[in-house]
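Q:
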Amino acid sequence: MSRRVLLIEDEPNIAEAIRFLLTREGWQVETHADGADALQVIQGASPDLVILDVMLPGKNGMEILRELRTLEDMQGLPVLMLTARGQSRDREMAENAGVSRFMTKPFSNTEMLTAVRDLHAQATQS
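FYI, the working numbering numbers position 74 of the sequence shown as 333, with every residue one higher than the one before it.
1. Determine the contact status of leucine 266 and arginine 283, defining contact as a CB-CB distance below 8 Å.
2. Where do the N-terminal and C-terminal ends of the beta strand (DSSP E) with phenylalanine 361 fall, by residue?
3. Taking leucine 340 and leucine 372 to be in contact with their CB atoms under 8 Å, please state how far apart those CB atoms are, rounded to whole angstroms.
4. With contact counted as at least three CB pairs below 8 Å, one residue from each stretch, are the segment 323-342 and the segment 297-307 in contact?
5. DSSP has aspartate 312 in a bridge; who is on the other side?
6. Going by the DSSP bridge assignment, what does arginine 263 pair with across the sheet?
7. Please confirm whether valine 264 and leucine 280 have their CB atoms less than 8 Å apart.
8. At the level of alpha carbons, what is the spacing between aspartate 296 and glycine 317?
9. Using CA coordinates, which residue listed in Val375, Leu336, Ala374 and Val313 is at the minimum distance from proline 306?
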């Protein structure tokens, strides 16, 4: 069974680092860098997990997450949100919007792998 991640991150170095890390762990990783059409990309990709940056061109991650959670077939999709700002207000907004997990940049490889494994395990149990 393939495990598919859709990574929505506009910073190429971060996207490549996460893609490399997860691919090495056996994940299929698709990347996307624009917030404007991210919702359509998520729907089309049918991933097992979404990693979503807060600050994106076109539309921010909070808006994308809120819209995603209004779609019945996307309410249970695990979403790991990334932000460069670790402010508690951002975390609170993400939790209110329906985020599965929140991670502040910079993060370690271990933190990323643990978060992805945990979210995938929780999703496959339900």
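For each residue, glycine too, the CB sits at the ideal point set by N, CA and C.
A: From the atom records:
1. no
2. 360-363
3. In the sequence on display, residue 340 carries methionine and not leucine. That belief does not hold up - the Cβ atoms of methionine 340 and leucine 372 are roughly 17 Å apart, past 8 Å.
4. yes
5. Leu341
6. Gln287
7. no
8. 8 Å
9. Leu336
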